[in-house]
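Asks:
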Amino acid sequence: MSDYDIIVMGAGHNGLTTAGYLAKAGKKVLLLERHAYAGGGVATQQILTPGYHHDLHSSVHIMIQANPLITNDELDLFSKHGMKYKYSDVPHATIFNDQSVLITYKDLDKTCECIARYSQRDAESYRRFVQLGQTMLPMVMPGMYKPQPPLGQLVAMLDSSDEGRVMLDLMQRSSLDIIRQWFENDKVQMHIARAVSENLQLPDELGTGMGTVMFTALMHTYGVSQPYGGSGKLSESMVRSIEANGGELRYNSEIKRILISGGKAAGVELSDGEKIMAKDAVVGSMHPHRLRQFVDGVAEPVLQRAERASLAAFSLFVSHYDLREPIQFCTSEKDVEQAIMLTLCQHESMAELQSDFDALKRGELTKRMMFAGNDESKSDPSRVPAGAGMWHSTGFAPYDLIEGGHSRWDEFREEYGAMRQAQQSHFVSNLNSDNIIAHKFYTPLDLERNSPNSMVKGDVHGVAPYFYQSVGNRPTADLGQFRVPGIEGLYLVGPSMPPAGGVVGAGRAAAMVMFDDLGMDFNRTFDVVDDAMKKTSARSMAPKDGAMRLFDEQDQELMAVDRIEVTEDELVIKGKTFGTMPLVARLGPGDLRRAIKLSLSPKKLWVLLTMLFRKD
50 MSDYDIIVMG
60 AGHNGLTTAG
70 YLAKAGKKVL
80 LLERHAYAGG
90 GVATQQILTP
100 GYHHDLHSSV
110 HIMIQANPLI
120 TNDELDLFSK
130 HGMKYKYSDV
140 PHATIFNDQS
150 VLITYKDLDK
160 TCECIARYSQ
170 RDAESYRRFV
180 QLGQTMLPMV
190 MPGMYKPQPP
200 LGQLVAMLDS
210 SDEGRVMLDL
220 MQRSSLDIIR
230 QWFENDKVQM
240 HIARAVSENL
250 QLPDELGTGM
260 GTVMFTALMH
270 TYGVSQPYGG
280 SGKLSESMVR
290 SIEANGGELR
300 YNSEIKRILI
310 SGGKAAGVEL
320 SDGEKIMAKD
330 AVVGSMHPHR
340 LRQFVDGVAE
350 PVLQRAERAS
360 LAAFSLFVSH
370 YDLREPIQFC
380 TSEKDVEQAI
390 MLTLCQHESM
400 AELQSDFDAL
410 KRGELTKRMM
420 FAGNDESKSD
430 PSRVPAGAGM
440 WHSTGFAPYD
450 LIEGGHSRWD
460 EFREEYGAMR
470 QAQQSHFVSN
480 LNSDNIIAHK
490 FYTPLDLERN
500 SPNSMVKGDV
510 HGVAPYFYQS
520 VGNRPTADLG
530 QFRVPGIEGL
540 YLVGPSMPPA
550 GGVVGAGRAA
560 AMVMFDDLGM
570 DFNRTFDVVD
580 DAMKKTSARS
590 MAPKDGAMRL
600 FDEQDQELMA
610 VDRIEVTEDE
620 LVIKGKTFGT
630 MPLVARLGPG
640 DLRRAIKLSL
650 SPKKLWVLLT
660 MLFRKD
């Protein structure tokens with residue numbers, strides 16, 4: 050007899066998200082987490098001195114801001130479970146080696162004014178660049194948080210219109226190519242390239258260019274945020290939501306393997322031998338490279354393609370410091386203290402920056418280090434004791450060192466951390482022994498050890514964000530719909546899965562797939578804020594512009610039909626999809642006859658006639 054309806058392997062934020070939706074729908078859910086805390090890459094802990102709360106991995110929440118999980122509070126995180134975000138007027142800033150500063154304000158005008166100090170032409174280009182991205186957001190964002198289409202299908206759709214071909218072109222180019230096409234000043238180029246490279250992508254890597262456009266547009270449209278109290282507060286609110294709906298979490302519980310019976314996921318076996326059964330499904334937070342380790346019965350070609358999924362070319366070295374007093378920056382520009390993302394740039398030119406990225410790819414540690422950091426207590430004093438400060442720094446580093454491989458990190462950790470501290474002191478005046486109470490460094494190898502089933506080789510985003518590993522091909526075409534072929538009832542979540550790594554809330558899309566497979570209505574379940582008040586239908590909010598609109602099962606617009614034309618042998622429907630992308634649909638004589646046959650039974654005809662007299 051099954052103990053639970055659903056068992057979730059791992060309590061990272063994606064597993065928590067999926068479990069939260071299933072628990073709220075009435076499923077009996079159990080999450081099993083190998084650590085003593087929930088959150089995975091979205092966790093905040095007191096790792097050194099009591100009272101200092103550090104984000105272990107993620108710190109900035111960007112892509113999740115447009116997720117209905119957040120915008121519609123579908124799991125009651127804000128209304129019932131204590132979640133609260135803080136936003137800043139300064140999403141991103143860069144301090145250069147000469148202490149000059151370039152700031153991306155949420156306000157586009159202020160940003161362009163700042164860029165104009167370096168290049169008036171680049172300021173004008175930046176405005177057009179952001180506006181281009183903002184025209185694409187309606188095409189991209191609605192689909193980010195539900196199951197993704199196959200890559201080939203997306204390409205075919207994009208290739209059917211001029212607007213789509215622009216997007217397709219951007220998707221296949223490198224970030225560096227796009228940046229150089231649009232901007233001339235080295236500092237402007239480096240400012241944008243370093244922000245986008247936080248996605249662990251090389252600037253000249255083909256198939257990463259779309260992220261450059263979308264990232265800048267997102268900062269000016271949705272902003273950049275952090276939870277009050279630390280990144281892990283998102284995970285903590287999810288835990289409260291799950292438990293409020295009858296779900297359970299067990300910590301210090303490591304899964305050895307997924308139990309398969311008759312080609313179906315039937316439960317899990319823990320490392321201590323305990324077996325727990327699941328009636329409906331098992332959700333595995335596992336990297337595609339680890340699928341073979343946990344699951345028997347998967348076809349060999351599926352496993353081989355999973356194991357060929359490409360990882361990022363580099364990883365991160367993370368530094369945490371508990372300080373007696375807040376950080377003091379060397380620059381006189383005070384707005385940098387408000388920056389949620391703050392880049393410290395030692396490079397004098399884009400050529401230098403590119404050269405050091407190339408070195409990273411080869412496993413070299415460069416003299417000019419790449420890092421970002423900030424004192425998060427300046428905007429959130431709850432993170433530290435009264436009057437104190439903290440320093441959280443991340444920087445790019447190879448997983449496999451050219452000398453000694455990844456195993457060398459254990460002996461080199463402290464020495465390399467001290468070198469990074471010395472270089473960061475060029476930007477902050479009091480990161481020194483007089484101010485430092487304690488410190489802790491995490492190497493790329495440590496990141497893998499901390500999350501061995503998600504951050505393989507220190508890739509905190511699971512797999513690389515390349516074009517061929519996007520939408521329904523992330524991480525592979527076999528696994529891109531969250532299901533494992535040949536194993537019924539086994540689903541995958543985690544940073545390797547669509548739409549991207551980082552804090553996206555991608556577990557929502559996995560939940561939608563599971564709802565469909567289990568015969569549950571996702572839209573009906575989450576279309577109600579409470580028992581008394583329903584959300585406003587998108588249909589009633591549609592512009593009164595004369596267009597006929599088609600909506601999907603999530604009440605999101607699929608197509609606005611502008612006109613219907615009749616030729617001698619076709620019915621031609623013309624309109625726009627994703628808000629702006631032209632779409633043409635054609636019905637030939639045979640299709641039209643079949644459509645009439647499907648829709649015009651006497652009963653359906655009567656319903657259609659009565660609909661003509663109803664209000665919208």
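Each residue of the sequence shown is one higher than the last, beginning at 50 in our numbering. Even glycine gets a Cβ: it sits at the ideal position worked out from N, Cα and C.
Any idea if Tyr370 is buried or exposed, counting beta-carbon neighbours within 10 angstroms, 16 or more meaning buried?
Replies: Answer is buried; the Cβ neighbour count reaches 16.
Asks: Whole angstroms are fine: how far does the CA of Leu414 sit from the CA of Phe366?
Replies: Those two C-alpha atoms are separated by around 11 Å.
Asks: Kindly indicate which three-state DSSP category Gly628 falls into: helix, strand or coil?
Replies: Bear in mind that a pLDDT of 49 at Gly628, under 50, signals an unreliable position, so the number given afterwards is only what the model happens to contain. Coil.
Asks: Taking contact to mean 3 or more Cβ pairs, one atom from each stretch, closer than 8 Å, check whether the region 160-168 and the region 402-412 are in contact.
Replies: No: fewer than three Cβ pairs fall under 8 Å.
Asks: Where do the ends of the beta strand (DSSP E) carrying Gly444 lie?
Replies: From DSSP, the beta strand (DSSP E) with Gly444 extends over 438-446.
Asks: If we ignore side chains and look at the alpha-carbon of each, how far apart do Leu641 and Lys623 end up?
Replies: Whole-angstrom Cα-Cα distance: 16 Å.
Asks: Note down the Cα distance separating Phe343 from Leu541, rounded to an integer number of angstroms.
Replies: The straight-line gap from Cα to Cα measures roughly 12 Å.
Asks: Suppose you measure from the CA of Ala45 to the CA of His130; what does that come to, to the nearest Å?
Replies: Outside the shown range of the chain, which is 50 to 665, sits residue 45, and nothing can be said about it.
Asks: For Cys394, which beta-bridge partners are listed by DSSP?
Replies: Looking at the DSSP assignment, Cys394 forms a beta bridge with Phe145.
Asks: So, is Met263 buried or exposed, given that buried needs 16 or more other C-beta atoms within 10 angstroms?
Replies: Buried.
Asks: Does DSSP classify Leu641 as helix, strand or coil?
Replies: Correct three-state label for Leu641: helix.
Asks: Measuring alpha carbon to alpha carbon, tell me which residue in Met132, Val477, Thr265 is nearest Asn146.
Replies: When only C-alpha atoms are compared, the closest one is Val477.
Asks: Spatial neighbours of Asn301 within its chain, please: C-beta separation below 6 Å, excluding the five flanking residues on both sides.
Replies: So the qualifying residues of the chain are Ala85.
Asks: Are the CB atoms of Val237 and Ser224 nearer to each other than 9 Å?
Replies: Not in contact: Val237 and Ser224 (Cβ atoms no closer than 9 Å).
Asks: What does the alpha-carbon distance come out to for the pair Lys81 and Leu539?
Replies: Sequence inspection shows Leu at residue 81; the Lys mentioned does not correspond to that position. Between Leu81 and Leu539, the C-alpha separation is close to 15 Å.
Asks: Note down, one range per segment and in chain order, each beta strand (DSSP E) of at least 3 residues found wholly within the region 512-576.
Replies: DSSP runs (the beta strand (DSSP E)) wholly in the region 512-576: 536-542.
Asks: Using three-state DSSP, classify Ala667 as helix, strand or coil.
Replies: The first residue shown for the chain is 50 and the last is 665, placing residue 667 beyond what the model contains.
Asks: According to DSSP, is Tyr134 part of a helix, a strand, or is it coil?
Replies: In this structure, Tyr134 counts as strand in the three-state DSSP scheme.
Asks: Between the C-alpha atoms of Gly69 and Gly316, what's the straight-line distance to the nearest angstrom?
Replies: Approximately 19 Å, taken between the alpha carbons.
Asks: Just tell me which of Met335, Ile241, Pro493, Lys76 has its CA closest to the CA of Gly454.
Replies: Minimum Cα distance to Gly454 is reached at Pro493.
Asks: Just verifying my parser: in three-state terms, what is the DSSP assignment at Glu123?
Replies: Of the three classes helix, strand and coil, the one that applies to Glu123 here is coil, per DSSP.
Asks: How many Å lie between Ala634 and Val621 at the Cα?
Replies: Cα-Cα distance, rounded: 6 Å.
Asks: Run through the DSSP bridge pairs and tell me what Met259 is partnered with.
Replies: Its beta-bridge partners do not exist; DSSP assigns none.
Asks: To the nearest angstrom, how far is it from the Cα of Ile485 to the Cα of Glu374?
Replies: Cα-Cα distance, rounded: 9 Å.
Asks: Within 10 angstroms of its Cβ, does Thr616 collect 16 or more other Cβ (buried), or is it exposed?
Replies: Exposed.
Asks: Quick check: the region 99-106 against the region 71-78, are at least 3 beta-carbon pairs closer than 8 Å?
Replies: Short answer: they don't touch.
Asks: Mapping DSSP to helix, strand and coil, what is Ile325?
Replies: Note: Ile325 maps to strand in three-state DSSP.
Asks: Using alpha carbons as the reference points, say which of Leu393, Thr525, His441, Met335 lies closest to Gly543.
Replies: When each option's Cα is compared against that of Gly543, the closest is Met335.
Asks: By how many angstroms is the C-alpha of Met597 removed from the C-alpha of Asn499?
Replies: Each residue's alpha carbon lies about 52 Å from the other.
Asks: Does DSSP classify Thr415 as helix, strand or coil?
Replies: DSSP places Thr415 in coil when its eight states are reduced to three.
Asks: Quick check on the DSSP output: the alpha helix (DSSP H) that includes Thr66 runs from which residue to which?
Replies: It spans 62-73 - the alpha helix (DSSP H) in which Thr66 sits, taken as one unbroken run.
Asks: Starting from the C-beta of Leu352, find all residues in its chain whose C-beta is less than 7 Å away, skip the five residues before and the five after it, and write them out in chain order.
Replies: Cβ within range, chain order: Leu340, Arg341.
Asks: Give me the Cβ distance between His441 and Ser108, rounded to the nearest whole Å; I'm assuming they're in contact under 8 Å.
Replies: Yes, His441 and Ser108 are in contact; Cβ-Cβ is about 7 Å, under 8 Å.
Asks: For the beta strand (DSSP E) that contains Ile451, what are its first and last residues?
Replies: No beta strand (DSSP E) holds Ile451; DSSP gives it neither H nor E.
Asks: Report yes if the CB atom of Thr392 is closer than 9 Å to the CB atom of Met268, and no otherwise.
Replies: Not a contact, by the Cβ cut-off of 9 Å.
Asks: Where does Ser334 fall in DSSP's three states?
Replies: In this structure, Ser334 counts as strand in the three-state DSSP scheme.
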